[in-house]
Amino acid sequence: MITVALPKGALLEESIRLFASIGLDFSVLLDPKNRLLQVSDPTGTASALLVRTQDVPVYVEYGQAQLGVVGSDVLREKQPGVAQLVDLGFGRCRLSVAVRRDSPYRSALELPPHCRVATKFVHCARHYFQALDLPVEVVPLYGSVELGPITGMSEAIVDLVSTGRTLRDNGLVELEVLFESTARLVAHPLSYRLNRGNLSDWVDQLRMSCQSTIS
Numbered sequence: 660m661i662t663v664a665l666p667k668g669a670l671l672e673e674s675i676r677l678f679a680s681i682g683l684d685f686s687v688l689l690d691p692k693n694r695l696l697q698v699s700d701p702t703g704t705a706s707a708l709l710v711r712t713q714d715v716p717v718y719v720e721y722g723q724a725q726l727g728v729v730g731s732d733v734l735r736e737k738q739p740g741v742a743q744l745v746d747l748g749f750g751r752c753r754l755s756v757a758v759r760r761d762s763p764y765r766s767a768l769e770l771p772p773h774c775r776v777a778t779k780f781v782h783c784a785r786h787y788f789q790a791l792d793l794p795v796e797v798v799p800l801y802g803s804v805e806l807g808p809i810t811g812m813s814e815a816i817v818d819l820v821s822t823g824r825t826l827r828d829n830g831l832v833e834l835e836v837l838f839e840s841t842a843r844l845v846a847h848p849l850s851y852r853l854n855r856g857n858l859s860d861w862v863d864q865l866r867m868s869c870q871s872t873i874s
């Protein structure tokens, strides 16, 4: 039996639909009344763990799950020891620098040296501003990052943007896009290399299903 780590939140429904396309039913995880964090497919072929998005690569890296679905933004931030196998194409968003709409800055390079930038993507933000040769103070925040500029705690934020509505509703505008992000299928490297539980067959089926959906 293989174990799959599935992310809570925005990627869950599409992830469950993807596995359903190859005959694995984890739809009970979508039931609002469900309180189980580990469920088995009715056929007994596979089980699924319902975990926080940031924890998906941890469960895969440490071998408690052989496969997982996670945004590439998390992979770039955490840099876990997992094998990235398939770009699944859904969950599209972007990691962006944003400031208040009434800010005088119109590009990241215009931000003042040593200004504060609030973000949950600490590694990605530091790497980005280092590449710009712009010293900033990265302030870790893990909820309502938009409040940084609103309250004056930070001049800017680095955060995920999908439609941009949250930024607009809170009087913020994007300055730069660091990178685009989509959901990825990841695997435990050794399990995949040794093909434990015919893992490569499952991966091939998922890849084919994903390609047919995109096309």
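Those letters in the sequence shown? Residues 660 to 874, per our numbering, in order.
For each residue, glycine too, the CB sits at the ideal point set by N, CA and C.
Distance from the CA of threonine 778 to the CA of proline 848, rounded to the nearest whole angstrom, comes to 30 Å.
Residue nearest to cysteine 752 within the set Lys737, Pro739, Val733, Ala742 is Val733 (criterion: CA-CA distance). As summarised for the region 762 to 828, the continuous alpha helix (DSSP H) elements at least 4 residues long and confined to that stretch are 781 to 790, 806 to 810, 824 to 828, given in chain order. Within the same chain, and ignoring the five residues on either side of serine 674 in sequence, the residues whose Cβ sits closer than 6 Å to its Cβ are Leu665, Val728.
Excluding residues up to 5 positions away in sequence, nothing lies with its Cβ nearer than 6 Å to the Cβ of arginine 855 in the same chain. In the three-state reduction of the DSSP assignment, leucine 665 falls in the strand class. By the Cβ-count criterion, lysine 737 is buried, with 16 or more other Cβ atoms from all chains shown falling within 10 Å of its own Cβ. Going by beta carbons, leucine 831 and tyrosine 787 fall outside the 8 Å limit. If the five residues before and after alanine 846 are omitted, its C-beta is found closer than 8 Å to the C-beta atoms of Val719, Gln725, Leu726, Gly727, Val741, Ala742, Leu744, Leu858, Val862, all from its own chain and listed in chain order.
Counting along the chain, arginine 753 sits inside the beta strand (DSSP E) bounded by residues 752 to 759.
Only residues of its own chain outside the window of five on either side were considered, and among them Cys774, Val776, Phe788 have a CB closer than 6 Å to the CB of valine 795, listed in chain order. Separation of the CB atoms of serine 706 and glutamine 697 is rounded to 6 Å, and the pair is thereby assigned contact status at 8 Å. Between the alpha carbons of alanine 767 and valine 756 lies a gap of roughly 7 Å.
The way I'd put it, the region 815 to 831 does touch the region 758 to 772; three or more beta-carbon pairs between them come closer than 8 Å. The beta-carbon distance between serine 850 and glycine 703, rounded to whole angstroms, is 19 Å. This is too long to meet the 8 Å contact definition.
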